[in-house]
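First up is the structure itself, then whatever we jot down about it.
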Amino acid sequence: MRIAVIGQSVFGAEVFRLLRQNGHEIVGVFTIPDVNGKADPLAVAAEKEGVRVFKYPRWQVKKQVIPEILEEYKSLNPELNVLPFCSQFIPNEVILFPKHETIIYHPSILPRHRGASAINWTLMCGDKKGGFTIFWADDGLDTGPILLTKTTYVDPNETVDSFYNRFCFPEGIKAMGEAVELIATGRAPRIVQPEEGATYDAMIKKDKVQIKWDQPAQDIHNFIRGNDKVPGAWTKINGEKITFFGSRLWTRLPPYGTEVVVEGMSRPAIVHKRGMILFGNDGGMINVSQIQHESGKMIPASKFGKEDASTQKLELTPEEEKISEKLQAIWKGILNTDIDNSLDFFKAGAGSMDVVRLVEEIKEQCEVKIAVEDVYMNTVFEDLVACVIRRGRGIEDQEPFTFHAVEITANKINLRIPHQLFIDNEFIDASDGATYNTINPADESVICKVSKATKDDVNRAVEAAKEAFEEGEWGRMNARDRGRLMFRLADLMEQHQEELATIESLDSGAVYTLALKTHIGMSVQTFRYFAGWCDKIH
Numbered sequence: 001m002r003i004a005v006i007g008q009s010v011f012g013a014e015v016f017r018l019l020r021q022n023g024h025e026i027v028g029v030f031t032i033p034d035v036n037g038k039a040d041p042l043a044v045a046a047e048k049e050g051v052r053v054f055k056y057p058r059w060q061v062k063k064q065v066i067p068e069i070l071e072e073y074k075s076l077n078p079e080l081n082v083l084p085f086c087s088q089f090i091p092n093e094v095i096l097f098p099k100h101e102t103i104i105y106h107p108s109i110l111p112r113h114r115g116a117s118a119i120n121w122t123l124m125c126g127d128k129k130g131g132f133t134i135f136w137a138d139d140g141l142d143t144g145p146i147l148l149t150k151t152t153y154v155d156p157n158e159t160v161d162s163f164y165n166r167f168c169f170p171e172g173i174k175a176m177g178e179a180v181e182l183i184a185t186g187r188a189p190r191i192v193q194p195e196e197g198a199t200y201d202a203m204i205k206k207d208k209v210q211i212k213w214d215q216p217a218q219d220i221h222n223f224i225r226g227n228d229k230v231p232g233a234w235t236k237i238n239g240e241k242i243t244f245f246g247s248r249l250w251t252r253l254p255p256y257g258t259e260v261v262v263e264g265m266s267r268p269a270i271v272h273k274r275g276m277i278l279f280g281n282d283g284g285m286i287n288v289s290q291i292q293h294e295s296g297k298m299i300p301a302s303k304f305g306k307e308d309a310s311t312q313k314l315e316l317t318p319e320e321e322k323i324s325e326k327l328q329a330i331w332k333g334i335l336n337t338d339i340d341n342s343l344d345f346f347k348a349g350a351g352s353m354d355v356v357r358l359v360e361e362i363k364e365q366c367e368v369k370i371a372v373e374d375v376y377m378n379t380v381f382e383d384l385v386a387c388v389i390r391r392g393r394g395i396e397d398q399e400p401f402t403f404h405a406v407e408i409t410a411n412k413i414n415l416r417i418p419h420q421l422f423i424d425n426e427f428i429d430a431s432d433g434a435t436y437n438t439i440n441p442a443d444e445s446v447i448c449k450v451s452k453a454t455k456d457d458v459n460r461a462v463e464a465a466k467e468a469f470e471e472g473e474w475g476r477m478n479a480r481d482r483g484r485l486m487f488r489l490a491d492l493m494e495q496h497q498e499e500l501a502t503i504e505s506l507d508s509g510a511v512y513t514l515a516l517k518t519h520i521g522m523s524v525q526t527f528r529y530f531a532g533w534c535d536k537i538h
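So in the UniProt record's numbering, spot 66 of the sequence shown is number 66, and the numbers just go up one at a time.
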């Protein structure tokens with residue numbers, strides 16, 4: 001068929017490529033004007049294939065189609081209009097002109113969530129099922145007959161980005177190709193939308209997404225994730241507008257941390273090593289992993305109210321100056337504009353797919369691996385340069401691992417022995433502060449006082465172990481990497497075997513040589529034995 005593609009974005013570009021691959025003739029692409037000299041991805045894809053591209057700021061004035069634009073469009077004589085993603089209002093004279101009229105992609109299960117912020121509302125309403133609809137355009141707001149619908153589950157911690165990237169983007173592209181094939185072969189249905197269950201949802205804007213704390217935690221969580229990453233749900237802390245990202249329901253005991261008063265919330269938030277805990281009016285908890293200050297600066301929520309080492313000025317070596325120059329060239333290639341230290345990546349027109357490209361080009365050209373989150377946390381050029389340099393130096397933006405130790409000299413070795421409970425990767429006192437004496441069986445002397453766990457401490461330890469097992473890195477790691485880490489553990493134990501054997505001798509009363517050769521030595525051998533099995537897959 002002769003098809004006119006009307007729209008924008010990477011999604012539009014992928015639909016364009018698929019339709020050409022399926023043998024259809026794209027007679028013209030109609031998209032938005034360039035932004036800061038940067039063409040939309042759909043325009044770039046079409047121009048690369050030699051397809052005519054039209055960049056209209058608008059199609060109509062005062063609800064009247066612009067005659068010159070209508071005539072230019074009609075001259076292409078398309079048989080079908082395909083709108084994969086379109087932010088412009090297209091007049092009926094264009095919608096109804098082709099032989100097969102117009103189909104549109106909409107990211108919700110119509111008739112639910114009509115409007116421009118469909119995915120946001122799918123999450124904010126806590127829908128258990130989501131998806132997209134391809135429908136025939138009419139003169140209403142997302143009211144035309146349905147051609148096809150695709151659905152999937154919605155994960156309880158899904159965000160707009162994760163739902164779009166997991167399902168709406170990849171499956172939507174394939175479905176647009178499928179819809180066009182149904183039309184081309186005369187098999188495309190026109191299913192009238194029912195009005196029962198229909199909703200018209202407002203477009204989400206920043207001033208409309210202040211969090212209301214007088215509701216259950218589940219509803220607050222849905223609201224935050226439904227606005228992640230754009231426009232971002234916010235609240236006031238110390239008079240400053242703070243935006244939250246990376247919301248997850250917290251089903252464990254409240255973590256230990258620093259309390260922060262949040263305007264309107266029933267009890268203080270808790271800043272802890274994994275983020276910030278927020279409370280609903282039902283006592284339920286949500287954990288957010290990232291926050292954004294009113295200035296636009298994003299930081300890990302765990303660092304809220306703390307000194308941020310990542311903001312400290314770095315002195316660059318000559319090699320690092322070259323990395324900075326490469327970064328400047330990468331940004332210029334993506335943004336198509338002059339780069340200065342204060343330029344914001346997203347305010348200059350970048351989108352989520354540009355983030356993926358940026359991360360990959362930094363890895364390839366600068367030989368430094370950063371995460372997507374690093375870009376969102378460092379949107380200004382000089383901040384990202386500092387982040388890349390720190391990663392290149394092996395510096396991670398993590399809290400230092402510290403613990404209180406009892407210092408003992410034995411066997412001519414200065415020992416530093418932890419004496420607290422080890423829970424969730426940190427040493428902490430018992431919840432009630434209780435301790436007991438640990439005794440050296442050889443002479444019944446007190447080695448030190450050790451924290452005595454309570455039932456609450458045991459519950460915390462079990463919760464931490466369960467989460468680490470089910471959601472932690474170890475469970476996602478391939479077997480070969482697990483083996484590598486076990487070998488590394490064995491090497492470290494061997495490197496510190498005299499120290500470990502001395503502690504074992506003090507604690508258990510074992511003869512030092514027995515502790516050295518058997519207790520520690522055979523432990524090292526055992527770890528190496530099982531590490532060796534990890535990649536023996538037959």
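All residues carry an ideal CB built from backbone N, CA and C; glycine is no exception.
- Met276 is bridged by DSSP to Val271, Val288.
- Counting only the Cα atoms, Leu249 lies some 26 Å from Gly239.
- Of the candidates Lys74, Asn414, Arg460, the residue whose Cα lies closest to the Cα of Asp429 is Arg460.
- Boundaries for Tyr164: no beta strand (DSSP E) harbours it, and the DSSP string shows neither H nor E there.
- For Trp331, the enclosing alpha helix (DSSP H) has its first and last residue at 318-335.
- Leaving aside the five residues that flank Ser324 on each side, the residues in its chain whose CB is nearer than 6 Å to its CB run, in chain order, Val385.
- For Gly483, same chain residues with a beta-carbon under 6 Å away, outside a window of 5 residues either side, are Ala531, Cys534, Asp535 in chain order.
- The Cβ atoms of Phe11 and Phe85 sit closer than 9 Å to each other.
- In this structure, Val372 lies away from Val388, with their beta-carbon atoms at least 9 Å apart.
- Rounded to whole angstroms, the Cβ separation of Thr502 and Ala410 is 5 Å, and the two are in contact under 8 Å.
- Taking the C-beta atoms as reference points, Asp228 is found nearer than 9 Å to Val160.
- In this model, Val271 and Ile423 are separated by some 17 Å (Cα to Cα).
- Unbroken beta strand (DSSP E) runs of no fewer than 3 residues, entirely contained in the segment 169-250, are found at 234-237, 240-250, following chain order.
- Here Ser523 carries a helix assignment [DSSP, helix/strand/coil].
- Relative to Thr251, the option among Asn281, Gln218, Met285, Asp219 whose CA is nearest is Met285.
- Nearest neighbour of Gln290 by Cα position, chosen from Asn281, Glu315, Gly280, Gly232, turns out to be Gly232.
- Boundaries around Tyr153 are those of the beta strand (DSSP E), 146-153, since no alpha helix (DSSP H) includes it.
- For Pro418, the enclosing beta strand (DSSP E) has its first and last residue at 413-418.
- According to DSSP, Trp136 shares a beta bridge with Ile103.
- Excluding residues up to 5 positions away in sequence, Ile173, Lys174, Met176, Gly177 lie with their Cβ nearer than 8 Å to the Cβ of Leu18 in the same chain.
- The beta carbons of Phe132 and Ser117 sit about 14 Å from each other, so the pair does not count as a contact at 8 Å.
- The residue among Glu93, Lys313, Ala350, Gln420 with its C-alpha nearest the C-alpha of Val65 is Glu93.
- The residue among Leu70, His106, Val53 with its C-alpha nearest the C-alpha of Leu96 is Leu70.
- DSSP, read as helix, strand or coil, puts Thr143 in coil.
- Sequence-distant Cβ neighbours of Lys452 in its own chain, meaning closer than 8 Å and more than five residues away, are Ala430, Ala434, Thr435, Tyr436.
- As for any beta strand (DSSP E) of minimum length 3 sitting wholly inside the segment 354-430, the runs are 405-410, 413-418, 421-423, 426-428, ordered along the chain.
- Annotation for Ala184: Met1 place their beta carbon closer than 7 Å to its own, counting only its chain and skipping 5 residues before and after.
- Rounded to the nearest whole angstrom, the C-alpha separation of Lys74 and Phe345 is 38 Å.
- Check the Cα spacing between Pro194 and each of Asp142, Ile103, Ser342, Trp474: the tightest is with Asp142.
- Residue burial annotation: Glu158 is buried, with at least 16 other C-beta atoms found within 10 angstroms of its C-beta.
- By the neighbour-count definition (other C-beta atoms within 10 Å, threshold 16), Arg274 is a buried residue.
- Across the set Leu76, Val61, Ser445, Glu319, the C-alpha of Leu76 shows the shortest separation from the C-alpha of Gly28.
- When C-alpha distances from Ile537 are compared across Leu500, Arg480, Gly509, the shortest belongs to Arg480.
- Relative to the Cα of Ile134, the nearest Cα in the group Thr258, Phe487, Val53, Ile146 belongs to Ile146.
- For Thr526, the number of other beta carbons within 10 angstroms of its own is below 16, and it is reported as exposed.
- With respect to the C-alpha of Arg390, the residue from Ile408, Leu80, Val368 having the closest C-alpha is Val368.
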